[in-house]
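First the structure, in the form of structure tokens, and then the observations on it.
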Amino acid sequence: MGQSVSSNEKQQQQQVISRSSKWHWPEDLTLHLPDECVAIVFTKLGCQDRNASSLVCKRWRLIDSNSRHHLVLLARSHLSPSLYTLLYSRFSSVSILSLKCSRRFASIDDNAFSCIPTFLTCLKKLKLKGCVDISGEGLHAFSLHKPIHLVKLTFVSCSFGPRGLNSILSNCPSLRDLTLKRLRKLDAQTTPLSITNSTLTRLCLKDLHNAHLFASLPCASKALKILIICRSSGNWDRIFSESLKCRLLAEVQLENVQLGDAGLTSISTASPDLEVLYLSRVSDCTDVGFSTAVTCCRKLRKLHIDACSKFGSIIKSISISSLANSCPRLQELVLMGIPITMASLNVLASNCSLKELDDNFHITNTNFIDQLEKKIVLYNTTHITLFLFLNKTH
1 MGQSVSSNEK QQQQQVISRS SKWHWPEDLT LHLPDECVAI VFTKLGCQDR
51 NASSLVCKRW RLIDSNSRHH LVLLARSHLS PSLYTLLYSR FSSVSILSLK
101 CSRRFASIDD NAFSCIPTFL TCLKKLKLKG CVDISGEGLH AFSLHKPIHL
151 VKLTFVSCSF GPRGLNSILS NCPSLRDLTL KRLRKLDAQT TPLSITNSTL
201 TRLCLKDLHN AHLFASLPCA SKALKILIIC RSSGNWDRIF SESLKCRLLA
251 EVQLENVQLG DAGLTSISTA SPDLEVLYLS RVSDCTDVGF STAVTCCRKL
301 RKLHIDACSK FGSIIKSISI SSLANSCPRL QELVLMGIPI TMASLNVLAS
351 NCSLKELDDN FHITNTNFID QLEKKIVLYN TTHITLFLFL NKTH
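Number 394 marks the last residue of the sequence shown (the UniProt record's numbering); no jumps.
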């Protein structure tokens, strides 16, 4: 009896083992996933998780190398010798590259930077931040490779001179977007940029000085559509009045710059198709320049005026009325520090179908003036934001 019982127990144990082995999962389920699926999963991961996942096995490392298109590197000096191995052997598919370094440390040098176009043949966007050891010679050597796919360049806190920037603009045929910010060494130069023809469609200048150095950039870019100038000293009236020929301008943002009626009038008359105008603390504009701008630019959709006390006290309410009469397509209006009256707002209400005020204050045209007047008194503020919507029935 004892032997038969033990044999039955062995049979039951063998059956359990056979059943469990039947449903035993493989050790690595990702082996059955195509490379394309793993690449899609990688795109959903954050930077640190993706870096860690790429080190799991050789297959994942290869998939990450072939599917990574955006790369951010800490570009200190010790990276220079290994940049070739890093980019060419592992990240050859990268099309967006950001090289960042603190100005307190030495960055990659000219030799390493100049070879990037040979490593990354599909490079479309490049950003340099704090790379103080890259000089104009490095930019010149970089541009000699003539990267045909490069469309966007951003330089922040770099130390190259005008020669390097001239070479970039001359030898990069597909360049459309250029951003320059805090270029201290370039600010100290006295030789202006010698650019006669540029294909730029977007130009952004921030925290720069000596405006005459950059005069040729907006003036030589006849296809320019977006112009942003912030906290950059210089006489922009003279620059815009003498040689601005950007008739395709659709958006202009000017913040903390020396600009008067002459410059604003030149921008308005040269750009009849202007749709977005952002003025913040421009020093010398008066009601004359503002009236000319709204009269010439009848396609305005968005208008933002953030005025200092001097600017705001000069603009009269009659300009707000002319704005309503001249710009029927106006959809968004932001006025800060601008003296306005109920009469001028009444013109806005009658010419535009007003649907929303201050995000969630819903009103109609009939009670707009009374409600708005109460709201101004209640909040005691001159910061008024209006959202206007074109009446499609007209």
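For every residue, glycine included, the Cβ atom is placed at its ideal position computed from N, Cα and C.
query, result
"Which one or two residues does DSSP pair with Leu205 in a beta bridge?", "Leu180, Ile229"
"Considering only the alpha carbon of each residue, which of Val132, Leu264, Val288 lies closest to Ser280?", "Leu264"
"Just how far apart, CA to CA, sit Ile40 and Asn171?", "36 Å"
"Out of Lys44, Leu62, Ser53, Asp28, which one is the CA nearest neighbour of Asp35?", "Leu62"
"Report the three-state DSSP secondary structure of Ser54 (helix, strand or coil).", "coil"
"What does the alpha-carbon distance come out to for the pair Leu180 and Val347?", "41 Å"
"Going by DSSP, name the residue or residues bridged to residue 399.", "Lying before the first or after the last residue shown, residue 399 is absent from the chain, which here runs from 1 to 394."
"Can you list, in chain order, the residues of its chain whose CB lies under 8 Å from that of Asp207, leaving out five sequence neighbours each side?", "Lys181, Arg182, Cys230, Arg231, Ser232"
"Does the pairing of the region 161 to 169 with the region 98 to 109 give three or more beta-carbon distances under 8 Å?", "no"
"Considering just the uninterrupted stretch of the beta strand (DSSP E) at Ile305, what are its terminal residues?", "302 to 306"
"How long is the line joining the alpha carbons of Leu71 and His212, rounded to whole angstroms?", "35 Å"
"If Thr295 and Ser326 are in contact, beta carbons under 8 Å, what's the gap, nearest whole angstrom?", "5 Å"
"Using a Cβ-Cβ cut-off of 6 Å (strictly less than) and excluding sequence neighbours within five positions of Thr364, which residues of its own chain qualify?", "Here Thr364 scores only 43 on pLDDT, less than 50, and its place in the model should not be relied on; the value that follows carries that caveat. No residues qualify anywhere along the chain."
"Who are Arg76's beta bridge partners in DSSP?", "Ser107"
"Thinking just about the alpha-carbon of each residue, which of Ser319, Gly337, Leu330, Glu332 is nearest to the one in Ala343?", "Ser319"
"Given a cut-off of 8 Å on the beta-carbon distance, is the pair Leu139 and Ile168 in contact?", "yes"
"Would you kindly check if the distance between the Cβ of Leu126 and the Cβ of Leu150 is under 8 Å?", "yes"
"Pull up the distance between the alpha-carbon of Asn51 and that of Arg59, whole angstroms please.", "14 Å"
"Note down, in chain order, each residue of its chain lying with its Cβ closer than 8 Å to the Cβ of Asn245, except the 5 sequence neighbours on either side.", "According to the sequence provided, residue 245 is Lys. The question's Asn does not apply to it. Result list for Lys245: Cys219, Lys222, Ala270, in chain order."
"Please report the residue range of the beta strand (DSSP E) in which Glu255 lies.", "251 to 255"
"In angstroms with no decimal places, state the Cα-to-Cα distance between Leu386 and Pro272.", "Any reading at Leu386 must be qualified, since the residue scores a pLDDT of 49, below 50, and its modelled position is unreliable; the value itself is stated next. Taking the straight line from one Cα to the other gives about 23 Å."
"Which residues in the same chain as Arg176 place their Cβ atom closer than 8 Å to its Cβ, once the five residues preceding and following it in sequence are excluded?", "Val151, Lys152, Thr199, Leu200, Thr201, Arg202"
"Which two residues bound the contiguous beta strand (DSSP E) that contains Ser221?", "Taken as a continuous stretch (DSSP letters only), Ser221 belongs to no beta strand (DSSP E), as it is neither H nor E."
"Assuming Ala250 and Val282 are in contact, meaning their beta carbons sit under 8 Å apart, how far apart are those beta carbons, in whole angstroms?", "With a Cβ gap of about 19 Å, Ala250 and Val282 do not count as contacting."
"For my contact list, Cys285 and Leu259 are in at a C-beta cut-off of 8 Å; report their separation, rounded to the angstrom.", "6 Å"
"Leaving out five residues before and five after Thr366 in sequence, what residues of the same chain have Cβ atoms less than 7 Å from its Cβ?", "Because the pLDDT at Thr366 is just 46, under 50, the model does not fix this residue reliably, and the value given afterwards should be weighed accordingly. Closer than 7 Å at the Cβ level, and outside the excluded window around Thr366, lies no residue."
"Do you know offhand how far Ser291's Cα is from Leu323's?", "8 Å"
"Can you grab the Cα-Cα spacing for the pair Ile338 / Ile305, in whole Å?", "8 Å"
"Under 8 Å, do Ser216 and Phe240 count as touching if we go by C-beta distance?", "no"
"Can you tell me the Cα-Cα spacing of Ile148 and Tyr278, whole angstroms?", "33 Å"
"In terms of residue numbering, what span does the beta strand (DSSP E) encompassing Val334 cover?", "332 to 336"
"Among Leu79, Ser89, Ser82, which has the Cα closest to the Cα of Arg68?", "Ser89"
"Report the three-state DSSP secondary structure of Leu200 (helix, strand or coil).", "coil"
"What does a CB cutoff of less than 8 Å around Ser80 pick up in its chain, not counting 5 residues either side in sequence?", "Ile108, Asp109, Asn111, Ala112"
"Does the separation of the CB atoms of Cys158 and Ile134 fall below 8 Å?", "yes"
"With a CB to CB cut of under 6 Å and the five nearest residues on each side skipped, what residues in its chain are close to Cys297?", "Ser268, Leu274"
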